[in-house]
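In terms of numbering that gives the first Met the number 0, the sequence shown opens at residue 0 and continues consecutively. Below is one structure; the comments refer to it alone.
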Amino acid sequence: MIELKTPAEIEAMRPAGRFVASVLTALQDAAAVGVNLLELDALAHKMIRDAGAESCYIDYHPSFGAMPFGKVLCTSVNDAVLHGLPHDYALRDGDLLSVDFAASVDGWVSDSALSVVVGTPDPEDLRVIETTEKALAAAIDVARTGNKLGDISATIGEVARDAGYTVNTQFGGHGVGRTMHGDPHVANDGRPGRGMKLRPGLVIAIEPWFMRETDEIYTDPDGWTLRSADGSRGAHSEHTIAITDDAPVVFTDRSAV
0 MIELKTPAEI EAMRPAGRFV ASVLTALQDA AAVGVNLLEL DALAHKMIRD
50 AGAESCYIDY HPSFGAMPFG KVLCTSVNDA VLHGLPHDYA LRDGDLLSVD
100 FAASVDGWVS DSALSVVVGT PDPEDLRVIE TTEKALAAAI DVARTGNKLG
150 DISATIGEVA RDAGYTVNTQ FGGHGVGRTM HGDPHVANDG RPGRGMKLRP
200 GLVIAIEPWF MRETDEIYTD PDGWTLRSAD GSRGAHSEHT IAITDDAPVV
250 FTDRSAV
């Protein structure tokens, strides 16, 4: 069921967005060669406790997960492209790290993700990161009242193909509100002019993710981490936004942190 938020509810969602943005900013600053993924998870956990927020991940157990997630953020490194389960791994020079984080503040959720290269970057890693960011910005720009959900999806797919990437549509964006995942599903490819009409009060997470040389994935033995089928590195960018009568509200905008 798709629920439209009132203007007052949209205002009430802003603190969650600001908090999620602040945690991702702190994680981006902390990510460095030699830092353990468990240290990043511990940092996010501390920020959750200090803010009186609630994790959306730690007890999360959807049908595709082998068990409750058990950590408070996803850390996907190199060929791990989504849902990376934090484990005892120290980041190495040149690693491509994607961090995905969602939390609830006063009962409202925001969800966001970013990708960075730790240490010496491979230009092709920077290129795939930049493409996800470009796709996200373009998708947000068309997320306006009167357009269709397919316009968002088509925009993401077009940016990916223009850069020479193929698109996996198994996982994508989603509705956000009192829970992390809800309707509608926001695919990372589609046809313009199709799907539901975008209306004021619709709150969604838009999250393009691409891999350098494939669109096929498999599940790691840990039961959660999704890896590229051929070892290609991948990147992931995400914001939670609200459709309004004017420009979309980007709750998780890190430039305001």
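Where is the CB? At the ideal position from N, CA and C, for every residue including glycine.
Can you tell me whether Asp87 is buried or exposed? The criterion is at least 16 other CB atoms within 10 Å of its CB, across all chains shown.
exposed
For the putative contact between Gln27 and Leu90, defined by C-beta atoms under 8 Å, what is the C-beta separation to the nearest angstrom?
Not confirmed; about 12 Å, so no contact.
Which of the three DSSP states, helix, strand or coil, is assigned to Pro120?
coil
7 Å CB neighbourhood of Ala29 in its chain, flanking five on each side removed:
Leu39, Leu42
Please report how far the alpha carbon of Arg193 lies from the alpha carbon of Asp150, in whole angstroms.
7 Å
Same chain only: Cβ atoms within 7 Å of Arg198, ignoring 5 sequence neighbours per side
Leu3, Thr144, Ile242
Per-residue burial, Met195 [other beta carbons within 10 Å of its own, 16 or more giving buried]:
exposed
Applying the 10 Å Cβ sphere with the 16-neighbour rule, what's the burial state of Gly171?
buried
I'd like the ranges of any beta strand (DSSP E) spanning at least 3 consecutive residues and lying wholly in the segment 41-126.
73-76, 79-81, 95-104, 107-116
Burial state of Gly118, where buried means 16 or more other Cβ atoms lie within 10 Å
exposed
Helix, strand or coil at Met179 [DSSP, three-state]
coil
Under 8 Å: do the segment 219-236 and the segment 65-82 share three or more Cβ pairs, one atom per stretch?
yes
Count Cβ pairs between the segment 161-175 and the segment 124-132 that sit closer than 8 Å; are there 3 or more?
yes
Is the beta carbon of Leu95 sitting closer than 9 Å to the one on Asp124?
yes
With 16 other Cβ atoms within 10 Å as the buried cut-off, status of Lys70
buried
Note down, in chain order, each residue of its chain lying with its Cβ closer than 8 Å to the Cβ of Gln169, except the 5 sequence neighbours on either side.
Ile216
Below 8 Å on the Cβ atoms is my guess for Ala134 versus Pro207; work out the distance and round it to an integer in Å.
4 Å
Quick check: the Cα distance between Asp140 and Ala246, rounded to an integer number of angstroms?
8 Å
Closer than 8 Å: is that where the CB of Ala246 sits relative to any heavy atom of the ligand PLP?
Here there are no bound small molecules, and the ligand PLP is not part of this structure.
Cα-Cα, which of Glu157, Ser152, Gly222 is closest to Gly189?
Ser152
C-alpha distance - Ala136 paired with Val249, whole-angstrom precision:
10 Å
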